[in-house]
Amino acid sequence: MAADNSFDVVSKVELQEVKNAIDQASKEVNARFDLKSSKSKIELADGDEAIQLASQDEYTLSAVIEILSQKLVKRGISLKNLEYEKIEPASNSSVRQKIKLKQGIASDNAKKIVAVVKDSKLKAQASIQGDTVRVVSKDRDVLQQIMAKLRGGDFGVEIQFTNFRSN
Numbered sequence: 310m311a312a313d314n315s316f317d318v319v320s321k322v323e324l325q326e327v328k329n330a331i332d333q334a335s336k337e338v339n340a341r342f343d344l345k346s347s348k349s350k351i352e353l354a355d356g357d358e359a360i361q362l363a364s365q366d367e368y369t370l371s372a373v374i375e376i377l378s379q380k381l382v383k384r385g386i387s388l389k390n391l392e393y394e395k396i397e398p399a400s401n402s403s404v405r406q407k408i409k410l411k412q413g414i415a416s417d418n419a420k421k422i423v424a425v426v427k428d429s430k431l432k433a434q435a436s437i438q439g440d441t442v443r444v445v446s447k448d449r450d451v452l453q454q455i456m457a458k459l460r461g462g463d464f465g466v467e468i469q470f471t472n473f474r475s476n
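My numbering puts the sequence shown at residues 310 to 476.
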């Protein structure tokens, strides 16, 4: 379908939930006897685009990551939206690791979105492109109707619409 009108559907990582998970994980790390003296830190970095972890050694760092992962899952943050970088040495014989927060939709949710567009019987096409869904139509009003339908659906993620193109 050759068309000039389209938008992308992406998953939005809720930053406030990430901050809450970091706060909870930090409290647990500081309260646990085996981690209390590890001087472990968990904080947002890179303009809130990543989580920065630091600890005394790789073993302790992996324990901190496990606690953080549990808190993120409890807060509804998909672990698929996290990209772990390599563990690097830091000052004072410590180690650090960055976890990037990615935007994107898991394939099962993307398939549900495509099915909703197809079942709507509106003249539009939806296709999965990596971790986004592209919706294309010749009619801009059709795209607006599909957006409204998708906003009303429950796909297990908070979705947002980006790259809206219109002729």
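Each residue gets a CB set at the ideal place from its N, CA and C atoms; glycine is no exception.
- PHE464 places its beta carbon less than 8 angstroms from that of ILE422.
- The three-state secondary structure of VAL322, taken from DSSP, is coil.
- Along the segment 383-417, the alpha helix (DSSP H) does not occur as any fully enclosed run of 4 or more residues.
- In the structure shown, ASP440 adopts coil according to DSSP, grouped into three states.
- Going by beta carbons, LYS383 and GLU394 fall outside the 8 angstroms limit.
- Its chain contains VAL425 as the residues whose beta carbon lies nearer than 7 angstroms to that of GLY462, once the 5 sequence neighbours on both sides are disregarded; these appear in chain order.
- For LEU431, the three-state secondary structure derived from DSSP is coil.
- Linking ALA363 to LEU377 through their CA atoms gives a straight-line distance of about 12 angstroms.
- The bridge partners DSSP lists for SER371 come to none.
- Contact check for THR369 against SER400 fails: the beta carbons are separated by 8 angstroms or more.
- Excluding residues up to 5 positions away in sequence, ILE437 and VAL442 lie with their Cβ nearer than 7 angstroms to the Cβ of ALA419 in the same chain.
- For LYS350, there is no enclosing alpha helix (DSSP H); the enclosing beta strand (DSSP E) has its first and last residue at 350-354.
- Residue nearest to ILE360 within the set VAL444, LEU344, LEU452 and LYS407 is LYS407 (criterion: CA-CA distance).
- Linking LEU459 to GLU358 through their CA atoms gives a straight-line distance of about 26 angstroms.
- DSSP, reduced to helix, strand and coil, places ARG449 within a helical segment of the structure shown.
- Excluding sequence positions up to five before and after MET456, its CB lies within less than 8 angstroms of the CB of PHE316 and PHE470, all in the same chain and listed in chain order.
- The beta-carbon distance between LEU431 and ASN314, rounded to whole angstroms, is 12 angstroms. This is too long to meet the 8 angstroms contact definition.
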